[in-house]
Amino acid sequence: MSESPSTPAIHDAGPRVPAPTAPAAGSPAAKDEASGVDHQGWGSKSRRRLVIEVLLVLGVSLGQSAIYSVVSLLDKLSRAPISQGTSTLNVVRNNREFFDFTYQILDIFFALVPVMLVFYLLAEPGKSVFRRIGLDWRHPVRDGLGALGLLVVIGIPSLGLYAAGRAMGVTTEIIPSALNQYWWTVPVLVLSAIRAGVLEEVILNGYLLGRLEKIGLGPWAAIMLSALLRGSYHAYQGFGPFVGNFAMGLLFGWVYKKYGRVAPLVVAHALIDIAAFTLGPALGFGG
13 MSESPSTPAI HDAGPRVPAP TAPAAGSPAA KDEASGVDHQ GWGSKSRRRL VIEVLLVLGV
73 SLGQSAIYSV VSLLDKLSRA PISQGTSTLN VVRNNREFFD FTYQILDIFF ALVPVMLVFY
133 LLAEPGKSVF RRIGLDWRHP VRDGLGALGL LVVIGIPSLG LYAAGRAMGV TTEIIPSALN
193 QYWWTVPVLV LSAIRAGVLE EVILNGYLLG RLEKIGLGPW AAIMLSALLR GSYHAYQGFG
253 PFVGNFAMGL LFGWVYKKYG RVAPLVVAHA LIDIAAFTLG PALGFGG
């Protein structure tokens, strides 16, 4: 951070205060300036401010979901064996079609408000936040092929993990959709899947990994913490989905750190959920 030169005083009535000097190369202060983190003040890039910012973002989004998920898991465990529980992902909000549709759309819209908040927090003058996190159209072919690769690597093992978890009695019966059959049911399920892909991948990878590293965590520590959060807000489905989503978080975090593109992660996640939401019984999920 450069300092502006001081103006000489015309009347020097008091002791002269030494002008601030730049920190020596290699000193902690120099490293803090290089990393853009002010560990002392409440400036826009201070570590304390970043910690509070991250907690607030997670508190209105995935962190809140993780807490509710863990409490829900404990509730299910206290009632009966986890294998006897059910987890319904898309539920009816109202028994009248118009209001059910309205609530479904409102749920999708307001679930994306934390994503808009993240875009606002990451924005810098003269720079595109979408380009910064790789959520743009610069590499459609590469992103598409990457998404299909992730779909195969994550989607197929997830089905096996779900079946194994059910057989071992550590996973609830997952019902991807309990919506009534209307003309808008499938479009709403597709939008819900896209919502999940955008919300989770933008916050966990496009936002959280970078913020955790600025706070002071190493790249793999940040990936591990992000993956743990991903597993936690799926814990209400049982221990199998927790493990599966934790592994998914490790892979997606590594891919994002390597290529700096959140777009293939969003597409892959959305495709997995679209298949689960619309073809649930055919894939082995509860009807």
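Counted the way our numbering counts, the sequence shown spans residues 13 to 299.
Heads up, the beta-carbon is just placed ideally off N, CA and C, and yes, glycines get one too.
If you're wondering where the values come from, they're calculated on a predicted model, not measured in any experiment.
- prompt: What's the C-alpha gap between G222 and G177?
  reply: Locating residue 222 in the sequence shown gives position 210, where the first residue counts as 1. Locating residue 177 in the sequence shown gives position 165, where the first residue counts as 1. Distance between the alpha carbons of G222 and G177: 33 Å.
message: Helix, strand or coil, according to DSSP, for S170 in the structure here?
response: Your numbering for residue 170 matches position 158 in the sequence shown. Of the three classes helix, strand and coil, the one that applies to S170 here is helix, per DSSP.
- prompt: Mind checking R108: buried by the 16 CB within 10 Å criterion, or exposed?
  reply: For the purposes of this step, residue 108 is taken as residue 96 along the sequence shown, with counting starting at 1. Under this definition R108 is an exposed residue.
query: What are the boundary residues of the beta strand (DSSP E) that S99 is part of?
result: On the sequence shown, residue 99 is found 87 positions in, with the first residue counted as 1. Its beta strand (DSSP E) spans residues T98 to T100.
- prompt: Which two residues bound the contiguous alpha helix (DSSP H) that contains E213?
  reply: The sequence position of residue 213 within the sequence shown is 201, counting from 1. Per DSSP, E213 belongs to the alpha helix (DSSP H) from T197 to E213.
- request: Please report how far the alpha carbon of V182 lies from the alpha carbon of P276, in whole angstroms.
  value: Numbered from its first residue, the sequence shown carries residue 182 at position 170. Numbered from its first residue, the sequence shown carries residue 276 at position 264. Whole-angstrom Cα-Cα distance: 31 Å.
message: In the DSSP assignment, the beta strand (DSSP E) including E185 goes from what residue to what residue?
response: In the sequence shown, the residue the question calls residue 185 occupies position 173. E185 to I187 is the span of the beta strand (DSSP E), which, as asked, contains E185.
task: Determine the direct distance from the alpha carbon of H151 to that of R91, and round the result to whole angstroms.
output: Working through the sequence shown from its first residue, we reach residue 91 at position 79. Working through the sequence shown from its first residue, we reach residue 151 at position 139. If you take the alpha carbons of R91 and H151, they lie about 49 Å apart.
message: Between V202 and V274, how many whole angstroms is the CB-CB distance? I'm expecting something under 8 Å.
response: For this step, residue 202 is matched to residue 190 along the sequence shown. For this step, residue 274 is matched to residue 262 along the sequence shown. About 20 Å; that fails the 8 Å criterion.
query: For Y174, is the classification buried or exposed, using 16 other Cβ atoms within 10 angstroms of its Cβ as the cut-off for buried?
result: The residue given as residue 174 occupies position 162 in the sequence shown. Result: buried.
message: Among V255, K226 and P231, whose alpha-carbon lies nearest the alpha-carbon of R60?
response: For the purposes of this step, residue 60 is identified with residue 48 of the sequence shown, where counting begins at 1. It is K226 whose Cα lies nearest to the Cα of R60.
- prompt: What did DSSP end up calling S84 once you bin it into helix, strand or coil?
  reply: In the sequence shown, counting from the first residue as 1, residue 84 sits at position 72. In this structure, S84 counts as helix in the three-state DSSP scheme.
- prompt: Whose C-alpha, out of L211, R154 and L263, is nearest the C-alpha of W232?
  reply: Position 220 of the sequence shown, counted from the first residue, corresponds to residue 232. The shortest C-alpha separation from W232 is found at L263.
- prompt: Around the C-beta of D112, are 16 or more other C-beta atoms found within 10 angstroms, so that it is buried, or is it exposed?
  reply: In the sequence shown, the residue the question calls residue 112 occupies position 100. D112 is buried by the Cβ-count criterion.
field: Terminal residues of the alpha helix (DSSP H) in which A247 lies
entry: Working through the sequence shown from its first residue, we reach residue 247 at position 235. Unbroken run through A247: none, as it is neither H nor E.
message: Using 7 Å as the threshold, is the C-beta distance between H281 and G172 below it?
response: Within the sequence shown, residue 281 is the residue found at index 269, counting from 1. Within the sequence shown, residue 172 is the residue found at index 160, counting from 1. It is not a contact, given that the beta carbons lie outside the stated cut-off.
task: Could you tell me the distance, in whole angstroms, from the CA atom of P253 to the CA atom of A205?
output: Taking the sequence shown and counting its residues from 1, one reaches residue 253 at position 241. Taking the sequence shown and counting its residues from 1, one reaches residue 205 at position 193. For P253 and A205, the distance between alpha carbons rounds to 17 Å.
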